[in-house]
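Participant:
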């Protein structure tokens, strides 16, 4: 579903990575590792078409664009959790019902927070609002940058269960994480900065 060939990127006259080639198929996980500044986030943004200054080939074979969840919460402070999810899903040209949003928020442990402005939430709660998109968007490919940061143990377990369900239905996952993964699938690793 994803074929990357001879991918190279330089930022600010510094080579981040060179001649990366890899394939990620249905039900597979690719963990991108590396120290700070190794180019992990840049690679994920390239894969999602959010950064275009690179050489090489990125070939997705998908019916819909991949879902990208960045390492920052990515929500609007003045909007409620419900309003943020309606806005975030509209960016993908998908309309969702209030009941679907309520269920997605329940799945990430935010039942009762539907109308709370995100600016009044903790960093972990804001991150969970953003991750609730994974329950609303029907994309085969997820690209997640540090999805486990700022969320507690229960949130991590819930997200891992959702990831396992996604992979079991033929989805694929590319992610960065500084935490060890406890997924039911084997994980391929791509190490940057060596």
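Residue numbers (the working numbering): 20 to 213. Glycine residues also receive a C-beta, built at the ideal position from the N, C-alpha and C atoms.
#1: Going by other Cβ atoms of all chains shown within 10 Å of its Cβ, with 16 needed for buried, is residue 71 buried or exposed?
#2: With 16 as the cutoff for other CB atoms within 10 Å, does residue 99 come out buried or exposed?
#3: Can you give me the C-alpha to C-alpha distance between residue 206 and residue 167, rounded to a whole angstrom?
#4: Helix, strand or coil, according to DSSP, for residue 87 in the structure here?
#5: I believe residue 60 touches residue 28 by the beta-carbon criterion, under 8 Å. Please report the beta-carbon distance rounded to the nearest angstrom.
#6: If contact is defined by three or more beta carbon pairs under 8 Å, each pair taking one atom from either stretch, is the stretch 104–111 in contact with the stretch 45–64?
#7: If we count the other Cβ atoms within 10 Å of its Cβ and call it buried at 16 or more, is residue 164 buried or exposed?
#8: So, helix, strand or coil for residue 143, using DSSP?
#9: When you compare the stretch 189–204 with the stretch 43–56, are there three or more beta-carbon pairs, one atom per stretch, that lie closer than 8 Å?
#10: Straight-line CA distance for residue 111 to residue 78?
#11: Tell me whether residue 22 sits in a helix, a strand or coil according to DSSP, three-state version.
#12: Could you give the DSSP three-state label for residue 130: helix, strand or coil?
#13: At what residue ranges does the stretch 85–119 contain a whole run of the alpha helix (DSSP H), taking only runs of 4 or more?
#14: Inspect the beta-carbon positions of residue 148 and residue 137 and report whether they are closer than 8 Å.
#15: Can you give the Cα-Cα distance for residue 151 and residue 52, rounded to whole angstroms?
#16: From 161, 184, 212 and 198, pick the residue whose C-alpha is nearest to that of residue 204; which is it?
#17: What residue range is occupied by the uninterrupted alpha helix (DSSP H) comprising residue 179?
#18: Determine the DSSP secondary structure at residue 38, reduced to helix, strand or coil.
#19: Take residue 40 as the anchor and find which of 131, 200 and 25 has the nearest alpha-carbon.
Facilitator: Reading off the structure:
#1: Numbered from 1 along the chain shown, position 52 holds the residue referred to as residue 71. Burial call: exposed.
#2: For the purposes of this step, residue 99 is identified with residue 80 of the chain shown, where counting begins at 1. So residue 99 ends up on the buried side.
#3: Along the chain shown, one-based indexing puts residue 206 at 187. Along the chain shown, one-based indexing puts residue 167 at 148. Taking the straight line from one Cα to the other gives about 16 Å.
#4: Here residue 87 refers to the residue found at position 68 of the chain shown. In the structure shown, residue 87 sits in a strand (DSSP, three-state: E or B).
#5: Along the chain shown, read from residue 1 onward, the residue named residue 60 stands at position 41. Along the chain shown, read from residue 1 onward, the residue named residue 28 stands at position 9. The Cβ separation is near 11 Å, so there is no contact.
#6: Touching, no, given that fewer than three Cβ pairs across the two stretches are closer than 8 Å.
#7: As a working note, residue 164 is residue 145 in the chain shown. Burial call: buried.
#8: Counted from its first residue, the chain shown places residue 143 at position 124. Three-state result, residue 143: helix.
#9: yes
#10: As a first step, residue 111 is located in the chain shown; it is residue number 92 there, counting from the start. As a first step, residue 78 is located in the chain shown; it is residue number 59 there, counting from the start. Roughly 20 Å between the two C-alpha positions.
#11: For this step, residue 22 is matched to residue 3 along the chain shown. Three-state DSSP puts residue 22 in a strand.
#12: Here residue 130 refers to the residue found at position 111 when the chain shown is read from its first residue. Residue 130: coil per DSSP, three-state reduction.
#13: 100–109
#14: To locate residue 148, count along the chain shown from 1; it is residue 129. To locate residue 137, count along the chain shown from 1; it is residue 118. Against a cut-off of 8 Å, the Cβ pair of residue 137 and residue 148 comes out as a contact.
#15: Within the chain shown, residue 151 is the residue found at index 132, counting from 1. Within the chain shown, residue 52 is the residue found at index 33, counting from 1. One C-alpha to the other measures close to 24 Å.
#16: Position 185 of the chain shown holds residue 204. Comparing C-alpha distances from residue 204 to each of 161, 184, 212 and 198 shows the shortest one belongs to 184.
#17: As a first step, residue 179 is located in the chain shown; it is residue number 160 there, counting from the start. Residues 172–187.
#18: Counting from one through the chain shown, the residue named residue 38 turns up at place 19. In the structure shown, residue 38 sits in a strand (DSSP, three-state: E or B).
#19: As a first step, residue 40 must be located in the chain shown, where it is residue number 21. For the residues 131, 200 and 25, the minimum Cα distance to residue 40 belongs to 25.
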